[in-house]
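Q: Numbering (the numbering used here), first residue to last: 1 to 622. Ideal Cβ placement from N, Cα and C applies to all residues, glycine included. Quick one: this structure, given as structure tokens, is what I'll be asking you about.
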Amino acid sequence: MKHRLLFLLVLFSSLLHAQNPKLNFAEKERTLKKIVASNPDSARVIIKQILSFKGEHDTVYASTYIFYGYYHNLKANLDSALYYYNKAQTYTDNYPNFYARVLRNKAAVYRKKSDYTQSLALLEIAENKYKATGDETGLAMVYGEIASNYNQMVKSEKSIPYLLKAIAILEKKKDKVNLPPLKQNLANTYMTVRNFAFAIDLYKEALAGFKAINSTKNYYLTLINYGDCHIYLKKNAEAKKILLEAIRGLEKYNDSELVGVALSKLGRLENDEGDRTQALSYYKSAYEKMRSTNSSKLLRTASEYMTVLRLDGKLATAMTVAEEIDRNPIREKSNLEDKLVYESEKTKLYQSKNDEEKVAVGLKNTVALLDTLSKNNDKAEVMHIQAQYQNAYQQKQSHMLKQKNEALVEKTEVERNKKVLPAVAATSVFLVIAVMYRRKKKNHRLKVRIAKADKMMLQRKYEKEKQINQELKSDIKSKQSELMSNAMTLASVQDSINLIIKMYGDNLQTEDIDAIKADLRELITDKDYWTLFKKRFDEVYADFQENLLKLYPQLTKNDLFFCSILSLNLSSKETAKLLQVSPESIVKKKYRIKKRMEIESEKDFETILAANAISSKINKAV
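Shown next as structure tokens:
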């Protein structure tokens, strides 16, 4: 409902734009920043509106195309994201900060495509641009993106230093908008070395930050690893709750890749709990979604899926998955750790099939990957860097607690120094405490009585409003029934009159009969019927036509009347009968009105009429 209202607000602003050709880009940009991550479809309306203006400054188009690219990034349309980032780049020749911003966003897309070389190359250029212009915030964002690349490459020893530099810059600037993604990224590194408890602390900070800035997609994707940490700590009930929330949120963005990742976590959880059937169901869905998006995390999910299939005796299906992965280019782009897990599981699968030759090859590949991984990943260095940050973090928390304690001690010391006679002071303190306790108890009783009285008053008010609402609903329902009855009666009268004309029109030719026929025809076309119908309609749906006209000023009076008839939810045949036309005419009329309203689907057309009718009923009730 909230998103629907926001969309209508954006639509209304676009109508105002049609009447006022002057662009207020600063205001539009502020709106985009607020809603692009939480409601990208509404943001897209504003983006198109801005791009419809011609002759604006290059930075206006550069910034707007960056937002357009980010919109497609959120929707997981990576090629479209690159297309719009490249369009933005054409407007940045004389603006180094905008140029660096475009490169940073393009780098994020290449990282998602597992093209780390291209991503890091773009980030190096962006880093130099930000350094040259002295943009510390931009520099911090580049460091964060570099760290994300190294995280996905499982090179925590390179990732963490960049993260710590970025966090230090943003904490110094008290930047609450860009800090949460870095905290999330840092939490990922602690999760990688299985320090799940501290990772959870950092994820909580990141989640609170994302919620504060209304960055809903980042909030939902952070829930995935947050839930995964709970699985590792055997807190399965909490983990399941967290992951299901993540899936519900990410499905709103149609992000099949991230939904697949969350499903794979649920698959592992169910397998740990011994429900292999449910685990396989989750893994199958996860594998299909991630394969359709060519996800960089596909290899790890496929390996886990193969493991459960093998343990369940479904060797043929497991081999099919392995063959599909071997043909997929994403296998070579995956990080060493995921390759190692995959080769290890494939070797076990060959062992189950007694294929000794392939087992030998698999063991050889596994050993080679282990050797490469041990050379490229200095775990001791990673844990040393992490320990330093964790100690600093905990020292910071301890320092804050120490400051509070010192302030309390100082306050106590001052109070003690003021005491002249210990006995008198003790007695005074006792008396003060007794008086305060008595006063507090008295105040508490008073608050309880007031709260009870307020509660009773609110309850009575609620019951009264409930009764009024029920009466209003009953009244509206009665008027709706009367309106439908009047409409059908009107249609029946018209049919009867037409039948009389048809029955006697060819047999009686006297002047009296001609006069009767003329009177009957006049009765059919008498507008008093429709005046009465409109009066009854307005009693039920207040301002229906006026509200619809505000949204679609291009509609004619006849169009509005026709929409009023359609809002009664009559069938095409009943509507045709009421209007004395053929059902085909009703269909053609609806098509012309939809075209005039610039609506393509029948469902959208019906939804708009229904929403307007509901709004009109509410206005009438109010």
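Classify residue 456: buried if its beta carbon has 16 or more other beta carbons within 10 angstroms, exposed otherwise.
A: Result: exposed.
Q: Here's the rule I'm using: 16 or more other beta-carbon atoms within 10 Å means buried, otherwise exposed. How should residue 603 be labelled?
A: By the 10 Å Cβ count, residue 603 comes out exposed.
Q: Would DSSP call residue 213 helix, strand or coil?
A: Coil.
Q: Short check: CB of residue 103 to CB of residue 122, under 9 Å?
A: Contact: yes.
Q: Going by the beta-carbon positions, is the gap between residue 175 and residue 231 smaller than 9 Å?
A: Not closer than 9 Å, so no.
Q: Sorted by chain position, which residues of the same chain lie with C-beta nearer than 7 Å to residue 300's C-beta, five sequence neighbours on each side aside?
A: 338, 341, listed in sequence order.
Q: Is the stretch 94-101 touching the stretch 118-137 in the sense that three or more CB pairs, one from each, lie closer than 8 Å?
A: Taking 8 Å as the limit for Cβ pairs, the verdict is that the stretch 94-101 does touch the stretch 118-137.
Q: So, at 7 Å on beta carbons, what are the nonlocal neighbours of residue 105 in its own chain, with the 5 sequence-adjacent residues on each side left out?
A: The answer, listed in chain order, is 66, 69, 70, 85.
Q: Would a C-beta distance cut-off of 9 Å place residue 145 and residue 187 closer than the cut-off?
A: No, the Cβ-Cβ distance between residue 145 and residue 187 is not below 9 Å.
Q: Let me know if residue 89 comes out buried or exposed under the rule of 16 or more other beta-carbons within 10 Å of its beta-carbon.
A: Buried, because 16 or more other Cβ atoms sit within 10 Å of the Cβ of residue 89.
Q: What residue from 336, 353, 355, 548 has the CA that sits closest to residue 365's CA?
A: Nearest of 336, 353, 355, 548 to residue 365, Cα basis: 336.
Q: Work out the CA separation of residue 37 and residue 450 for me, nearest whole Å.
A: Between residue 450 and residue 37, the C-alpha separation is close to 44 Å.
Q: Taking the C-alpha atoms as reference points, what is the distance between residue 127 and residue 120?
A: Each residue's Cα considered, the two are about 10 Å apart.
Q: Output yes or no for whether 9 Å exceeds the beta carbon distance between residue 263 and residue 286.
A: Contact flag set, yes.
Q: Ignoring anything shorter than 4 residues or poking outside the stretch 254-303, list the alpha helix (DSSP H) runs there in chain order.
A: Taking only runs of at least 4 residues, the alpha helix (DSSP H) segments lying wholly in the stretch 254-303 are 256-272, 276-292.
Q: My output table needs one value for residue 153: the three-state DSSP class, helix, strand or coil.
A: Coil.
Q: Can you tell me the Cα-Cα spacing of residue 168 and residue 161, whole angstroms?
A: Those two C-alpha atoms are separated by around 11 Å.
Q: Roughly how many whole angstroms lie between the Cα atoms of residue 295 and residue 458?
A: Going by the C-alpha atoms only, they are around 54 Å apart.
Q: Exposed or buried, residue 362, counting other C-beta atoms within 10 Å across all chains shown (16 or more means buried)?
A: When all chains shown are included, residue 362 counts as buried.
Q: Pick from 448, 154, 613: whose alpha carbon is nearest that of residue 539?
A: That would be 613, whose Cα lies nearest to the Cα of residue 539.
Q: Please report the residue range of the alpha helix (DSSP H) in which residue 41 lies.
A: Counting along the chain, the alpha helix (DSSP H) containing residue 41 begins and ends at 40-51.
Q: Just to confirm my understanding: we take residue 216, look at its own chain, exclude 5 residues before and 5 after, and list those with CB closer than 7 Å. What are they?
A: So the qualifying residues of the chain are 37, 38, 249.
Q: Please check the pair residue 572 and residue 609, which I expect to be a contact at CB under 8 Å, by giving their CB distance rounded to whole angstroms.
A: Between residue 609 and residue 572 the Cβ distance is about 14 Å, and since that is not below 8 Å, they are no contact.
Q: Helix, strand or coil for residue 444, going by three-state DSSP, please let me know.
A: Three-state result, residue 444: helix.
Q: Considering only heavy atoms of the ligand FMN, does any lie closer than 8 Å to the CB of residue 204?
A: As for the ligand FMN, it is missing from this structure, which has no ligand bound.
Q: Would you kindly check if the distance between the Cβ of residue 207 and the Cβ of residue 190 is under 9 Å?
A: Going by C-beta atoms, residue 190 is not nearer than 9 Å to residue 207.
Q: In or out: residue 117 buried (at least 16 other Cβ within 10 Å) or exposed?
A: Per the 10 Å Cβ criterion, exposed.
Q: Could you tell me whether the Cβ atoms of residue 360 and residue 325 are closer together than 9 Å?
A: No.
Q: So, for residue 222: in the same chain, excluding its five sequence neighbours on each side, which residues have a beta-carbon less than 7 Å away from its beta-carbon?
A: Cβ within range, chain order: 184, 203, 206, 207, 210.
Q: Distance check for residue 147 and residue 131, CA to CA, integer angstroms please.
A: When rounded, the distance between both Cα atoms is 18 Å.
Q: Terminal residues of the continuous alpha helix (DSSP H) containing residue 234?
A: Segment: none, residue 234 is in no alpha helix (DSSP H) and carries neither H nor E.
Q: Quick one: which unbroken alpha helix (DSSP H) runs of 4-plus residues sit fully inside the stretch 315-362? Chain order, please.
A: 315-327, 330-333, 336-352, all fully within the stretch 315-362.
Q: Output the boundary residues of the alpha helix (DSSP H) element that contains residue 91.
A: First-last for residue 91: undefined, no H or E at that position.
Q: Under the rule that 16 or more other beta-carbon atoms within 10 Å means buried, what is residue 381, buried or exposed?
A: The predicted position of residue 381 is uncertain, since its pLDDT is 46 and thus under 50; no value can be drawn from it.
Q: Under DSSP, the alpha helix (DSSP H) around residue 29 begins and ends at which residues?
A: Residues 25-35.
Q: Quick one: measure Cβ to Cβ for residue 596 and residue 560, integer angstroms, because I've assumed they're closer than 8 Å.
A: Incorrect: roughly 11 Å between the Cβ atoms, too far for contact.
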